[in-house]
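Written out below as structure tokens is the structure these notes cover.
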Amino acid sequence: MQTFLKKRIEIMVEAPLVARVLALLDERNVTGYTVLPAIAGRGRGGSWHRDGLVGQAGAVVQIVSIVDESRVDEVLEPLFALVSRQIGIVSVCDVQVIRRDHF
Amino acid sequence: MQTFLKKRIEIMVEAPLVARVLALLDERNVTGYTVLPAIAGRGRGGSWHRDGLVGQAGAVVQIVSIVDESRVDEVLEPLFALVSRQIGIVSVCDVQVIRRDHF
Amino acid sequence: MQTFLKKRIEIMVEAPLVARVLALLDERNVTGYTVLPAIAGRGRGGSWHRDGLVGQAGAVVQIVSIVDESRVDEVLEPLFALVSRQIGIVSVCDVQVIRRDHF
Amino acid sequence: MIDLAVSNLLSPMVLFFVLGLSASLARSDLSIPEAIAKGMALYLMMAIGFKGGAGVAVHGIDSRLVYSLLAGLILSASIPIIAFCILSRATELSRVDAAAVAAHYGSISIVTFLAAMQALDSAGLRYESYMVAVAAAMEAPAIIVALWLARNGGKQPGPGTIHEVALNGSIVVLVGSFAIGGISGADGLKSIASFIVDPFKGVLCLFLLDMGVIAGRGLRDGRRTLSRAVVAFGIYMPLIGAALGMVAARIVGLSPGGTALMMTLCASASYIAVPAALRLALPEAKPSIYLPLSLGVTFPFNMTIGVPLYLFVASMFR
Amino acid sequence: MIDLAVSNLLSPMVLFFVLGLSASLARSDLSIPEAIAKGMALYLMMAIGFKGGAGVAVHGIDSRLVYSLLAGLILSASIPIIAFCILSRATELSRVDAAAVAAHYGSISIVTFLAAMQALDSAGLRYESYMVAVAAAMEAPAIIVALWLARNGGKQPGPGTIHEVALNGSIVVLVGSFAIGGISGADGLKSIASFIVDPFKGVLCLFLLDMGVIAGRGLRDGRRTLSRAVVAFGIYMPLIGAALGMVAARIVGLSPGGTALMMTLCASASYIAVPAALRLALPEAKPSIYLPLSLGVTFPFNMTIGVPLYLFVASMFR
Amino acid sequence: MIDLAVSNLLSPMVLFFVLGLSASLARSDLSIPEAIAKGMALYLMMAIGFKGGAGVAVHGIDSRLVYSLLAGLILSASIPIIAFCILSRATELSRVDAAAVAAHYGSISIVTFLAAMQALDSAGLRYESYMVAVAAAMEAPAIIVALWLARNGGKQPGPGTIHEVALNGSIVVLVGSFAIGGISGADGLKSIASFIVDPFKGVLCLFLLDMGVIAGRGLRDGRRTLSRAVVAFGIYMPLIGAALGMVAARIVGLSPGGTALMMTLCASASYIAVPAALRLALPEAKPSIYLPLSLGVTFPFNMTIGVPLYLFVASMFR
Ligand SMILES: Nc1ncnc2c1ncn2[C@@H]1O[C@H](COP(=O)(O)O)[C@@H](O)[C@H]1O
Ligand SMILES: Nc1ncnc2c1ncn2[C@@H]1O[C@H](COP(=O)(O)O)[C@@H](O)[C@H]1O
Ligand SMILES: Nc1ncnc2c1ncn2[C@@H]1O[C@H](COP(=O)(O)O)[C@@H](O)[C@H]1O
Ligand code: NA
Ligand code: NA
Ligand code: NA
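Chains as they are written, first to last, in the numbering used here: chain G, 52 to 154; chain U, 52 to 154; chain E, 52 to 154; chain L, 48 to 365; chain A, 48 to 365; chain S, 48 to 365.
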């Protein structure tokens, strides 16, 4: 089956920042993204857990966006600027997709 | 440590379709899969959010299945047929696993 | 934009075991990890679903940790020992990150 | 009339709905966790089902019960045809989209029904307990008719779709609780009244706060995707439905309260069960049309203007 | 007897359980969000713990309290041994699987206990308030005995496992609320009665709807993985447990109501705390055997036939 | 005094808080699903808002309402400045961290406020209904002042941040319910009293169980990250705040109950709204300092020692 090479950008970012990251992706005309919840984690700044009434501070959310290779840099630069002062991890990997037109 | 090359299939599909996708994977004797919830997203058809009482329409769910390379095509063809009329994104990437027998 | 090669370790493990896996990662001084919930799945041991009052037995949780290549083996060996008697799948893939110092 | 409308508009129920709607339009981050909203929906289904069943057990089965069910089925099957004809003429929607929208208006919104019941209680108007069963009966038929309209003789919905709609969780709870209420009767009701009767209205207020937020989101989406003609349809179609419901209720001989409920059922549009079914059975239809229309236009219209209007009209048959 | 059984079977509580079970078997998508189910479970634990503690505060500490706790501990430790012997002889299960199943039957199901308490309330039978504490005491010992059976002198459960079981969230809430109820007494109970007493029965109904769905899922899984001999064990073992519980209750001198509760505790099998503990301490045992057996066979059996039977037997000691 | 303190410490409310705290410190896995905790928080906001509004509708608008709001605003803006000065001198915190901590103490903890209201009810002390509005008014100003302190003339918080804080979901529900309560008045309150009044205290108990768990987690984190000087600040700062609140309440002429509430508001520190706002507006400040301090030190201190102390002091003005 024919597949096409794209990039999967995975952003783990602290919850209060999510709205800004999504606004950034919208601005850059990324075709789409999906936000996944996380329940716990640990980083250099300590550990967190989502049970109970907790505010957004500390908690992390995962954003996945599959984009064309040609768009990657255009998205990473401003993401880096945004995330550098905040809590956030951005990783990119190669994926094969079956519908070219979608991205 | 010795690892083995497998393929990680990631399917993001609208929630009402999940049962059909899983039935398809079962039919093709995929050894296993895991379904992860999503909380929000945006695509060409607009954005959605899972808070509040929302129906399944619009919401997306992520299905992850790690399979042997030899099985990939066998799974992708019918998945493509199923997803092509619906909302769904299928991506495949290479992964190394530590237990060969499991997949 | 300059990026750096790291490894993304993805662990799907039965819920009762999560605390032990995280303790192991802490012990090995992994810089961070994030735990994502799953809602359903199927493997050789049957299928499960998180709706309703269900205990932890059977349910699976996903742990994602991005680490430096040099640390991978150090983490995989004990993970393998831990997971081999239990329910768990460990996979590793290449990713590019934008902040080198973080891992 | 004005009294009724004002007292309905100033009831805590409607005020909480408006609060949610305004918060959502002002882009507040107010939101109710999905699990809580689903839990409240289950509770409301269980409560009205049980109360309806217990009511039937107490008052006995009415010969009108069967006629009302029949009327509901016929209305739910014929309203989509009317809606489809109107949409084909008055709007630019494609055949498939028109059929999909039509399905929503033939089916019902249980929350609107709840709001009408609560308004009747406040106004001291009585209604037939079995109207809950009529509501359940009206959920599904519209979908089948709409699929037939969309395909116009093409391939029919598989038995899978019908099974999925008929055994939909919320219908099972509603019908099941109705049956349990019928078996348990007044004693059963008394034994769990402090769970399903006393806090009911308060839970409904909190639930409507959530529905207001959701409706506001629908309204915002709708601004971008709906044409004027389609928005107008979302406002006059409930009135047409209500008129048909009124005629049917008079023929069956329902009480004024029952008439108001039948009008509300016909006027309301589904936004949970039908969209999910259509994504499977009619994936070509665009959710970005039918969801905002039903949720962002018709639902708020009914909550604020529709329901007091139907009550007023029905109360003239006293 | 037949009266008691019928009135129990037709109580809203059991009917909601059956509704959930049937919906699940008919493959309806009815489901209760995990968070809601956990919230209700917490509520039920808090409520029965508090009421039990307040009851003890009012009626004073009974010398039988200590004997009952002791009896519970001994039963919870010895029932697994009996179950293990039977399973080794009557079924094809491996040593490890037999030990794992045995652990479930020595421990208890708090939901079955709740259903029995509610049935006693409906039948107007009184019981000792401290039976809640007995229930808590019976959660853990069976696990330790079963691990010893599985290993037969091999490596013992680490202190980690025991700590995890003993400080398990639901035991903490149950025992903690019992203590708080004991400290707060009748005044404390009065001040929060409209939360933990009045809506209790209704919440239990909704909770049992969920448990029915889960049990139905267990039953479906069990059809594939359980042999006849194992299924049979899931039905006669509760009766053996109940008989032992009855003897112990008579020796301790419990009231008829307390006897029925002790029988229910011994007859019921755990499906939350024990499975989770065993996944850590005995990972070789197959969850696909012990989960469906406890949840899909024994739990529905106790809910429908077991509990009214134990009540009937216990009520003969009046 | 000792009577009041003991009866407060032995109230179910505080006991459930202590249960959660102990369970968390003993590393039990007790936890309440996030959705349930958020649902309860919404419920509590809705209930106190509505009751406050209905209270104002019944008793009429007091000239002191405006003065109290003003006093609240001034206190919320000036306490951070005092806190900042103390922190700069008495602790090793950086300018930015000191400003961030100061923001928390200028803002309020609504749960502490609820606990104080409940303690007043138990003690039979009355308070002004509009204190709820004062609480809402005190949420935000401290943040703006703290940002100014951190930047000291640098770039100011964008309108985005202010919008986010002011339209924060919980403030919207609190203020909105207050308005709805004011419009609906006594009749509205009566119609939903069995939801928002009767079970209130019980829900608060369950909620405080959760808050105890969270506070325990904060306490555990704090052990590692907080210096002694900072922990001490978390205990004496509430007393300074309470003293200021007392003076302001006397000037405005609040009742003893209202005085106790004003003291509690000034003494309490935010741990939800402010941390979230600061992550956006002041990301350089370390959450690992302000979260454990507010949640793990000041909150438990107020719940156990602070609130009864403020009540005692305020009750001397009778
Ligand atoms: N290497 C990593 N892999 C996966 N998630 C991480 C990693 N590092 C940090 N995180 C997540 O990001 C959050 C904040 O990290 P930090 O800024 O290092 O405290 C953590 O609590 C984790 O949820
Ligand atoms: N490029 C993408 N990367 C990740 N998720 C996507 C992407 N495109 C679409 N999605 C998800 O799929 C849903 C439907 O997409 P669409 O069919 O484009 O409207 C969106 O709401 C997203 O949750
Ligand atoms: N190949 C796979 N890909 C993704 N998830 C899997 C896979 N195999 C198993 N799982 C997950 O691991 C759980 C236990 O698998 P098993 O031990 O094979 O029964 C399943 O219920 C799935 O959630
Ligand atoms: Na309709
Ligand atoms: Na037992
Ligand atoms: Na304060």
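We put the CB at the ideal spot given by N, CA and C, even for glycine.
| Item | Value |
| --- | --- |
| Considering only their Cβ atoms, is the gap separating L:A163 from L:L325 smaller than 9 Å? | no |
| Please identify the residue among A:L91, A:I230 and A:L140 whose C-alpha is closest to the C-alpha of A:S217. | A:L91 |
| Can you check which of these residues, E:I62, E:E125 and E:Q147, is closest to E:N80 by C-alpha distance? | E:E125 |
| Start and end of the alpha helix (DSSP H) containing U:Y84? | Element bounds for U:Y84: not the alpha helix (DSSP H) but the beta strand (DSSP E), Y84 to P88. |
| Does DSSP classify L:Q165 as helix, strand or coil? | helix |
| Could you say which of A:A332, A:Y174 and A:C313 lies nearest to A:P322 if we only look at CA atoms? | A:A332 |
| Please compile the residues from chain G whose C-beta is within a distance smaller than 7 Å of the C-beta of U:R150. | Here the premise fails: no neighbours, minimum Cβ distance about 22 Å. |
| By Cβ distance below 8 Å, which residues in the same chain neighbour A:L68 in space, the five residues on each side in sequence not counted? | G259, V260, A262, G263, L266 and P347 |
| Terminal residues of the continuous beta strand (DSSP E) containing A:I319? | Premise fails: A:I319 is in no beta strand (DSSP E) and is neither H nor E. |
| Taking the alpha helix (DSSP H) that L:M60 falls in, what are its first and last residues? | P59 to L72 |
| Say yes only if the C-beta of E:H153 is nearer than 8 Å to one or more non-hydrogen atoms of ligand 8, and no if none qualify. | Ligands present in the displayed structure are limited to ligand 1, ligand 2, ligand 3, ligand 4, ligand 5 and ligand 6, and ligand 8 is not among them. |
| From which residue to which residue does the beta strand (DSSP E) around G:I140 run? | G139 to V148 |
| Short of 8 Å Cβ to Cβ, which residues in the segment 242-257 of chain L face chain A? | F242, I243, D245 and P246 |
| Which chain U residues are close to E:M63, counting only those with a beta carbon under 7 Å from its beta carbon? | T85 |
| Give the residues of chain A in contact with L:L214, contact being defined as C-beta atoms less than 9 Å apart. | A70, A73, R74, S75, D76 and L77 |
| With C-beta atoms as the reference, is A:T311 less than 9 Å away from A:G292? | yes |
| Roughly how many angstroms lie between the CA atoms of L:P80 and S:G288, to the nearest whole one? | 34 Å |
| By the 8 Å beta-carbon criterion, what residues does the segment 305-320 of chain L contribute toward chain U? | Y318, I319 and A320 |
| Please return the same chain residues whose Cβ sits closer than 6 Å to the Cβ of L:D268, not counting the five positions on each side in sequence. | P339 |
| Could you name each continuous beta strand (DSSP E) segment of 3 residues or more that falls completely within the segment 97-138 of chain E, going from the start of the chain to the end? | 97-100 and 111-118 |
| Is U:G92 close to ligand 2? I mean its beta-carbon at under 8 Å from any heavy atom of the ligand. | yes |
| For a cutoff of 9 Å on Cβ pairs, would you count G:G103 as touching chain E? | no |
| Across which residues does DSSP place G:E65 in a beta bridge pair? | G:V111 |
| Compare the beta carbon distance of E:Y84 and E:V115 with 9 Å and say whether it is the shorter of the two. | yes |
| At least one CB of chain E closer than 9 Å to the CB of G:F154: is that the case? | no |
| Suppose contacts are defined by Cβ-Cβ distances below 9 Å. Is E:F55 in contact with E:I149 by that definition? | yes |
| Three-state secondary structure (DSSP) at A:L273? | coil |
| Within the continuous alpha helix (DSSP H) that includes S:A226, where are the two ends? | G216 to I243 |
| Less than 9 Å between CB atoms is the rule here; does A:S238 satisfy it with respect to chain L? | no |
| Using a Cβ distance threshold of 8 Å, determine whether the segment 69-79 of chain L contacts the segment 175-192 of chain L, with at least three qualifying pairs required. | no |
| So is A:G107 in contact with chain L if we call contact Cβ pairs under 9 Å? | no |
| Under three-state DSSP, which class holds G:K58? | strand |
| Identify the contact partners of L:I83 in chain S, using a Cβ-Cβ distance below 8 Å as the criterion. | A82, I83, K85, G86 and L89 |
| If you count every other CB in all the chains shown that lies within 10 Å of the CB of G:E78, and 16 or more means buried, which is it? | exposed |
| Just the C-alpha distance for G:R71 and S:A145, rounded to the nearest angstrom, thanks. | 26 Å |
| Using a Cβ-Cβ cut-off of 9 Å, state whether S:S58 counts as contacting chain A. | yes |
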